[in-house]
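Protein chains: 2
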Amino acid sequence: MSVTAPLGFRAAGVVAGIKSSDARDLALVVNDGPSRAAAGVFTRNRVKAAPVLWSQQVLAGGRVHAVVLNSGGANACTGPLGFQDTHATAEKVAGALGESAGEIAVCSTGLIGERLPMEALLSGVDLAVSQISRDGGLAAADAIRTTDTVSKISFRRGEGGYMVGGMAKGAGMLAPALATMLSVITTDADVPAEQLDAVLRRATAVTFDRLDADGCMSTNDTVLLLASGASGVTPDLAEFEQTVRAVCADLARQLLVDAEGATKAIAIEVVGAASEEDAVLVGRTVSRSNLLKCAIHGEDPNWGRVLAAVGTTDAVFEADRLNVAINGIWICRGGAAGDDRSKVDLRPRDVTITVDLSAGPHSATVHTTDLTAAYVHENSAYSS
Amino acid sequence: MSVTAPLGFRAAGVVAGIKSSDARDLALVVNDGPSRAAAGVFTRNRVKAAPVLWSQQVLAGGRVHAVVLNSGGANACTGPLGFQDTHATAEKVAGALGESAGEIAVCSTGLIGERLPMEALLSGVDLAVSQISRDGGLAAADAIRTTDTVSKISFRRGEGGYMVGGMAKGAGMLAPALATMLSVITTDADVPAEQLDAVLRRATAVTFDRLDADGCMSTNDTVLLLASGASGVTPDLAEFEQTVRAVCADLARQLLVDAEGATKAIAIEVVGAASEEDAVLVGRTVSRSNLLKCAIHGEDPNWGRVLAAVGTTDAVFEADRLNVAINGIWICRGGAAGDDRSKVDLRPRDVTITVDLSAGPHSATVHTTDLTAAYVHENSAYSS
């Protein structure tokens, strides 16, 4: 399923030999049309990987015939030669499909700063082209994993019978501006590129963009939305956006739960904000407090660390009007101790921290994880 | 020595019973004059502890007779009652010394959100007043420790024979805007309050303010500079500033080395910046990359994580003109791989990461630590 749940898409995931392990490391997603409308959103990091620079150009045209994705190397900070590698990859796919490279998007993920093993990668493209099929979605989702322990896939059926499917990878460098990840979302609805773009921007803004596991923004973040039109359904746009958003939210949730070393999925729910921007700012700032993330790991409802983080923002609030609940217990009221902290049950994996700024009607939720010794071990022992 | 190295100061450090352990937890520093000129800088966190709110008022007058400091509780997020506790503490010291509370500064450090045990604290004030002496500096430095494993003290002799001495505590919540800490610096030079203020602001801006161990800004940061004038020396102001800065830098270095769980002292040296602000911004952003801090802990010269952090700033730079050296080896040149990364020796405790933005003549250095499992353990097991 995943990206092949909608009609008009074929996919493959193969072992190209880019990774030193024998794991799958190259995925291909092909849109057989009749439409090739596409949209993309990319990392806001100013240090962008070669495949991001390439795919931004491709998506500017609003049409994508295929996406080739590799794990085992980010092809970031690799200079002009790295860009040539991406270009050669797109040309190889285009040649195998009998198409123009200008409609081939490229995504890479893995270690920054090293060139890709192009011989292995290009052979892998041949292998993938030979294997693309209507049931290749799972293999493709498997092939884009790095430190992900499981594949992330999702699909939803929309009104009138069209489908939206998707796959994603995350794990490390999970931060703002798309949460350091690759994701390909497909649909057999018939939606033109311009509307796909608007839908994708709005959907990612409230899903992937509100995931901040470790505050580190990647050089490679890419989310693509491809529409084949093969269902013949022209959906209501608002309903279509809801369906795309549901798939994005589902994938984001899977990324969060599988973030490196995480034992808790923490929702920072900011209410009473003077603006949505304030709510997101406060949520993001709280989600980046290492001290708070350690406390939640230790199941300590340390609301003082929440207030200390809120206090570093320029959001509208008065310190003596801040309220904080952890898992529903209002342990901080009016900027001071509230209900008994021993009432807070932090044993479940899911933790909700509610911050009431008492400054307005707006709200937003940012999702993060706890900070664990396992995160440290994974990121000190593994060059990724 | 420490705060009692300069003439005109007495100090004490006693066991008041604020901490549950039998460790010293209350310190008193008294300026016997003839001058009582003083200056202070405080946390920029908008959630400020009661003693910060109080001491800001005291310092507005430019005169401090005594400073009372406690560990074992931050008296932050404690509401109007917490402020009354601070006020009562100052009144108690003032009464014991036969003075006005308006010249008594108060500092607190420890867990946020809980009231202080005032009975123990006020008895401790009596005990401290009875013990203040010319050699009480070490006991005072010991009494302000929280998770600090060692006391931090420093002193320098200035031209003409005046002295500058200081003590500090740090360990957790070590971040910008004074690096989450308390510090009292004393001098027997004769310098009026207005000039002390200018000197202290400039000295802390390039020392404590450029320390960022864990990105978490405290509610209690306070640095006080008290001048007794007892040496009779009126120093050259530029020379005096250098001496104060040397003491601040020495204390900041001690805070860094003793930061919670740290095994590496990392200097992020940003050169080639278009402005000093850009250099500090880039240094601070790199110092907050959990992924990079984990990599340095694992002695992995992962320069890609440096570039990924630089790319999230709005400093002036071009991605393909960035150069990065780790411990002197330029492993990234022109935004791509440079010298062989195996040449980088990351075994020493001190690590220097040089980021060349190739955008101008300005530079700055921000100091941070690695991220370790010990930091996670300390901050998940200990409510602080």
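Listed in order, the protein sequences are those of chains A and B. Offset between the first sequence (1-based) and this note's numbering: plus 76. Offset between the second sequence (1-based) and this note's numbering: plus 76. The C-beta atom is built at its ideal place from N, Cα and C for all residues, glycine as well. All figures in this text were calculated on a predicted structure; none of them were measured in a lab.
Interface flag, residue i vs chain B, CB-CB below 9 Å
| i | result |
| --- | --- |
| W379(A) | yes |
| G148(A) | no |
| I342(A) | no |
| G158(A) | yes |
| D285(A) | no |
| D432(A) | no |
| D416(A) | no |
| D376(A) | yes |
Any C-beta of chain A under 9 Å from that of residue i
| i | result |
| --- | --- |
| H373(B) | yes |
| A255(B) | Legend: pLDDT at A255(B) = 42, less than 50; position of this residue unreliable, value from coordinates given subsequently. With 9 Å as the cut-off, A255(B) does not count as an interface residue toward chain A. |
| E44(B) | Because chain B is modelled from 77 through 460, residue 44(B) falls outside the range shown and cannot be assessed. |
| A355(B) | no |
| R191(B) | yes |
| R120(B) | yes |
| D224(B) | no |
| V442(B) | no |
Inter-residue spacing [alpha-carbon to alpha-carbon] between residue i and residue j
| i | j | result |
| --- | --- | --- |
| G387(A) | D421(B) | 39 Å |
| S184(B) | A371(B) | 35 Å |
| L357(B) | V442(B) | 9 Å |
| G305(A) | G212(A) | 19 Å |
| L367(B) | V90(A) | 29 Å |
| A99(B) | E336(B) | 19 Å |
| G186(B) | S147(B) | 6 Å |
| T283(B) | L327(B) | 9 Å |
| P268(B) | S131(B) | 18 Å |
| N455(A) | L447(B) | 10 Å |
| E270(B) | S111(B) | 13 Å |
| P82(B) | S294(B) | 29 Å |
| T428(B) | I208(A) | 49 Å |
| T339(A) | P311(A) | 39 Å |
| V226(A) | P156(A) | 34 Å |
| R397(B) | G411(B) | 6 Å |
| A204(A) | A88(A) | 6 Å |
| N296(A) | G234(A) | 30 Å |
Residue i: contacting residues in chain B (beta-carbon distance under 8 Å)
| i | result |
| --- | --- |
| C324(A) | Here the premise fails: no neighbours, minimum Cβ distance about 22 Å. |
| V123(A) | L383, A384, V386, G387, A395, L398, G411 |
| D161(A) | By Cβ distance, chain B contributes nothing, its closest Cβ being about 12 Å from D161(A), past 8 Å. |
Chain A residues whose Cβ lies nearer than 8 Å to that of residue i
| i | result |
| --- | --- |
| G246(B) | Within 8 Å Cβ-Cβ: nothing; G246(B) doesn't reach chain A, min ~14 Å. |
Test item: CB-CB of residue i and residue j under 9 Å
| i | j | result |
| --- | --- | --- |
| T298(A) | G178(A) | no |
| R423(A) | I407(A) | no |
| G242(B) | L331(B) | no |
| I188(B) | V140(B) | no |
| V143(B) | L300(B) | yes |
| I344(B) | V333(B) | no |
| V240(A) | A219(A) | no |
| R191(A) | A395(B) | no |
| L302(B) | A114(B) | yes |
| H373(B) | A449(A) | no |
| E352(B) | A435(B) | no |
| V468(A) | A172(A) | Residue coverage of chain A in this structure runs from 77 to 460, which leaves residue 468(A) outside it and unanswerable. |
| A92(B) | S206(B) | no |
| T162(B) | A196(B) | no |
| H438(A) | D376(A) | no |
Chain B contact residues for residue i, given Cβ-Cβ distances below 9 Å
| i | result |
| --- | --- |
| M293(A) | A384, A385, G387, T388 |
Chain-ordered chain B contacts of residue i [CB-CB under 7 Å]
| i | result |
| --- | --- |
| T448(A) | V452 |
| A152(A) | G380 |
| C370(A) | V452, N455, S456 |
Where residue i meets chain A, residues with beta-carbon distance less than 7 Å
| i | result |
| --- | --- |
| L187(B) | G380 |
| G155(B) | D396, G410, G411, A412 |
Residue i: contacting residues in chain A (beta-carbon distance under 9 Å)
| i | result |
| --- | --- |
| D426(B) | Simply none; closest approach about 18 Å. |
> Does the pairing of the segment 147 to 157 of chain B with the segment 375 to 385 of chain A give three or more beta-carbon distances under 8 Å?
Replying inline: yes
> Counting Cβ pairs closer than 8 Å, one from the segment 315 to 324 of chain A and one from the segment 272 to 284 of chain A, do we hit at least three?
Replying inline: yes
> Between the segment 214 to 221 of chain A and the segment 101 to 114 of chain A, are three or more C-beta pairs nearer than 8 Å?
Replying inline: yes
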